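Here the structure is laid out as structure tokens; the discussion comes afterwards.
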Amino acid sequence: MSVESVQTALGTEHAALWTYGMVSAFLNEQAAAVAEGSTLHRARRDTTERWLRDHGATPNPPAAAYLPPAPVSDGPSALAALVAVEQDTCAAWRGVLERTDDSGLRTSALEALTTAAVRATRWRKAAGSAPASITMPGVASG
Amino acid sequence: MKTPADGISATVDDQTISFARLPPRRTAAGNMGRVISESVSRRRVLFAVAAAPLAVACTAEPSPPPPPDPLSALAAQARADARLAQALTTVPAAAEIAKARATHASLLQAEVDRERPPQSSTVPPAPTAPPTPPDPLAALRTALDEAVREASATVTSLPAYRAGLVGSVAAGCASLREVLA
Numbered sequence: 001m002s003v004e005s006v007q008t009a010l011g012t013e014h015a016a017l018w019t020y021g022m023v024s025a026f027l028n029e030q031a032a033a034v035a036e037g038s039t040l041h042r043a044r045r046d047t048t049e050r051w052l053r054d055h056g057a058t059p060n061p062p063a064a065a066y067l068p069p070a071p072v073s074d075g076p077s078a079l080a081a082l083v084a085v086e087q088d089t090c091a092a093w094r095g096v097l098e099r100t101d102d103s104g105l106r107t108s109a110l111e112a113l114t115t116a117a118v119r120a121t122r123w124r125k126a127a128g129s130a131p132a133s134i135t136m137p138g139v140a141s142g
Numbered sequence: 001m002k003t004p005a006d007g008i009s010a011t012v013d014d015q016t017i018s019f020a021r022l023p024p025r026r027t028a029a030g031n032m033g034r035v036i037s038e039s040v041s042r043r044r045v046l047f048a049v050a051a052a053p054l055a056v057a058c059t060a061e062p063s064p065p066p067p068p069d070p071l072s073a074l075a076a077q078a079r080a081d082a083r084l085a086q087a088l089t090t091v092p093a094a095a096e097i098a099k100a101r102a103t104h105a106s107l108l109q110a111e112v113d114r115e116r117p118p119q120s121s122t123v124p125p126a127p128t129a130p131p132t133p134p135d136p137l138a139a140l141r142t143a144l145d146e147a148v149r150e151a152s153a154t155v156t157s158l159p160a161y162r163a164g165l166v167g168s169v170a171a172g173c174a175s176l177r178e179v180l181a
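One line per chain: the protein sequences are A and B, in this order. Just so we're aligned: 130 in full-length UniProt numbering is position 130 of the first sequence, and the numbers increase by one with no gaps anywhere. Just so we're aligned: 97 in full-length UniProt numbering is position 97 of the second sequence, and the numbers increase by one with no gaps anywhere.
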């Protein structure tokens with residue numbers, strides 16, 4: 001059960017990495033923050049794949065491309081895509097939290113959920129969204 | 001038949017409940033069988049005597065009140081943060097923080113009440129307005145840092161079905177902290 005949820009989380013990490021790569025052309029002013037987000041998602045993807053292999057599962061490969069909820073053609077739509085992919089990541093890692101009693105996995109899922117929520121907030125701030133904060137990251141209505 | 005070794009084995013046997021239900025060991029001689037069955041019944045008596053205080057101990061165990069629900073402390077903390085933020089109108093994001101922490105408080109309290117339905121009299125004590133701290137922004141930052149820390153520390157010790165809720169509260173506080181960054 002936890003393996004399945006970790007595969008789902010890995011899927012959102014693949015999507016996040018792809019999205020950060022795709023939006024970088026539109027966010028020159030935030031290049032450093034985009035690069036940082038990329039690096040952190042790459043690290044998370046690697047540790048997640050390692051966890052799956054250690055638990056006898058084959059990590060799901062990334063898709064060739066992903067479809068953001070809205071087309072990305074400029075700075076604001078690029079920020080919206082980043083917010084969306086970080087919120088997907090929050091939901092997936094919250095799903096892991098709810099399905100494991102393994103304390104190591106839980107700690108890393110909590111860290112992934114928290115850092116994704118902070119990045120989503122940062123992008124919402126950059127986009128001028130109000131409120132910038134997300135009250136319950138990982139919950140559809142939050 | 002009655003050897004010192006027999007006495008020792010009886011004491012050992014008495015410690016396992018399942019053993020007491022095993023049939024008496026088969027013996028070659030019939031007259032010895034009677035002695036053994038007597039010895040088994042003595043074992044049962046010994047077992048009953050030995051188990052009686054155990055049974056009392058087992059039933060007495062749950063009588064002290066259960067430890068306080070860890071989510072109850074988190075809910076109280078969220079209520080306190082909401083009150084603090086409400087009082088600090090000079091901080092631009094204070095209203096947002098007050099609203100979010102009030103939501104956290106009601107979600108956590110709902111889970112506490114679901115697990116242990118409250119008696120009608122246990123209403124949280126009426127809050128006293130917190131004194132306005134000299135540096136409102138720093139006070140809110142400290143409160144949110146503390147909230148992230150407390151919720152995160154609680155997540156690891158919770159049953160899985162509660163870990164998601166408290167994990168989202170921790171991440172929500174980190175998000176609020178980022179608004180103040």
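Just so you know, even glycine gets a beta-carbon here, dropped at the ideal spot from N, CA and C. Note that the coordinates shown come from a computational prediction; the quantities given were computed from them, not determined experimentally.
Between residue i and residue j, what straight-line distance do the alpha-carbon atoms span, to the nearest angstrom?
i                      : j                      : result
residue 27 of chain A  : residue 13 of chain A  : 20 angstroms
residue 101 of chain A : residue 91 of chain A  : 18 angstroms
residue 2 of chain A   : residue 88 of chain B  : 43 angstroms
residue 93 of chain B  : residue 32 of chain A  : 26 angstroms
residue 101 of chain B : residue 117 of chain A : 16 angstroms
residue 9 of chain A   : residue 87 of chain A  : 12 angstroms
residue 96 of chain A  : residue 109 of chain A : 6 angstroms
residue 130 of chain A : residue 54 of chain A  : 42 angstroms
residue 112 of chain A : residue 64 of chain B  : 39 angstroms
residue 127 of chain A : residue 119 of chain A : 12 angstroms
residue 119 of chain B : residue 141 of chain B : 35 angstroms
residue 80 of chain B  : residue 111 of chain B : 18 angstroms
residue 174 of chain B : residue 47 of chain A  : 22 angstroms
residue 194 of chain B : residue 103 of chain B : In this structure chain B extends from 1 to 181, so residue 194 of chain B is not present and cannot be described.
residue 44 of chain A  : residue 99 of chain B  : 32 angstroms
residue 76 of chain A  : residue 116 of chain B : 47 angstroms
residue 21 of chain A  : residue 74 of chain A  : 14 angstroms
residue 167 of chain B : residue 68 of chain B  : 20 angstroms
residue 139 of chain A : residue 81 of chain A  : 18 angstroms
residue 210 of chain A : residue 145 of chain B : Nothing can be reported for residue 210 of chain A: it is not among the residues displayed for chain A, which extend from 1 to 142.
residue 63 of chain A  : residue 114 of chain A : 25 angstroms
residue 226 of chain B : residue 181 of chain B : The structure shown does not extend to residue 226 of chain B, since chain B is modelled only from 1 through 181, so no value can be given for it.
residue 56 of chain A  : residue 40 of chain A  : 25 angstroms
residue 160 of chain B : residue 114 of chain B : 16 angstroms
residue 61 of chain A  : residue 73 of chain B  : 42 angstroms
residue 91 of chain B  : residue 29 of chain A  : 27 angstroms
residue 176 of chain B : residue 169 of chain B : 10 angstroms
residue 85 of chain A  : residue 70 of chain A  : 11 angstroms
residue 84 of chain B  : residue 152 of chain B : 21 angstroms
residue 104 of chain A : residue 150 of chain B : 18 angstroms
residue 36 of chain A  : residue 131 of chain B : 40 angstroms
Which residues in the same chain as residue i place their Cβ atom closer than 6 angstroms to its Cβ, once the five residues preceding and following it in sequence are excluded?
i                      : result
residue 139 of chain B : 133
residue 124 of chain A : 83 and 132
residue 66 of chain A  : 15 and 18
residue 182 of chain B : This structure cannot settle anything about residue 182 of chain B, because the visible part of chain B is limited to 1 through 181.
residue 89 of chain A  : 12, 16 and 116
residue 3 of chain B   : With a pLDDT of only 45 at residue 3 of chain B, under the threshold of 50, the placement of this residue in the model should not be trusted; the figure read from the coordinates follows. Within the same chain, residue 3 of chain B has no close Cβ partners at all.
residue 137 of chain B : 91
For my contact list, residue i and residue j are in at a C-beta cut-off of 8 angstroms; report their separation, rounded to the angstrom.
i                      : j                      : result
residue 19 of chain A  : residue 68 of chain A  : 7 angstroms
residue 94 of chain A  : residue 164 of chain B : 5 angstroms
residue 137 of chain A : residue 171 of chain B : 4 angstroms
residue 105 of chain B : residue 78 of chain B  : 4 angstroms
residue 96 of chain B  : residue 179 of chain B : 7 angstroms
Is there a C-beta anywhere in chain B that falls below 7 angstroms from the one on residue i?
i                      : result
residue 138 of chain A : yes
residue 132 of chain A : yes
residue 101 of chain A : yes
residue 135 of chain A : yes
residue 40 of chain A  : no
residue 118 of chain A : yes
residue 44 of chain A  : no
residue 97 of chain A  : yes
Can you find the residues in the same chain that come closer than 8 angstroms, C-beta to C-beta, to residue i, ignoring five residues on each side of it along the sequence?
i                      : result
residue 70 of chain B  : 154, 157 and 158
residue 52 of chain A  : 3, 6, 7, 10, 58 and 59
residue 162 of chain B : 71 and 111
residue 49 of chain A  : 10 and 59
residue 42 of chain A  : 17
Within the same chain, show all residues whose beta-carbon is closer than 7 angstroms to that of residue i, passing over the 5 residues directly before and after it, in chain order.
i                      : result
residue 78 of chain A  : 23, 26, 27 and 72
residue 107 of chain B : 165
residue 12 of chain B  : For residue 12 of chain B, the pLDDT reaches just 40, beneath the cut-off of 50, and the residue's location in the model is therefore unreliable, leaving the point undetermined.
Is there a Cβ from chain A that is less than 7 angstroms from the Cβ of residue i?
i                      : result
residue 94 of chain B  : no
residue 175 of chain B : yes
residue 91 of chain B  : no
residue 155 of chain B : yes
residue 33 of chain B  : Per-residue confidence for residue 33 of chain B stands at a pLDDT of 43, beneath the threshold of 50, marking its modelled position as unreliable; no derived number is given.
residue 25 of chain B  : At residue 25 of chain B, the pLDDT of 46 sits below 50, so the modelled position is not reliable and the matter cannot be decided from this model.
residue 142 of chain B : no
residue 111 of chain B : no
Is any heavy atom in the ligand MG found nearer than 6 angstroms to the beta carbon of residue i?
i                      : result
residue 179 of chain B : The ligand MG is not part of this structure, which contains no ligands at all.
Runs of alpha helix (DSSP H) lying entirely within the region 92–147 of chain B, each at least 4 residues, in chain order: 94–115
Which runs of the alpha helix (DSSP H) at least 4 residues long sit entirely within the region 58–128 of chain A? Give them in chain order. List check, alpha helix (DSSP H) in window: 75–97 and 103–127.
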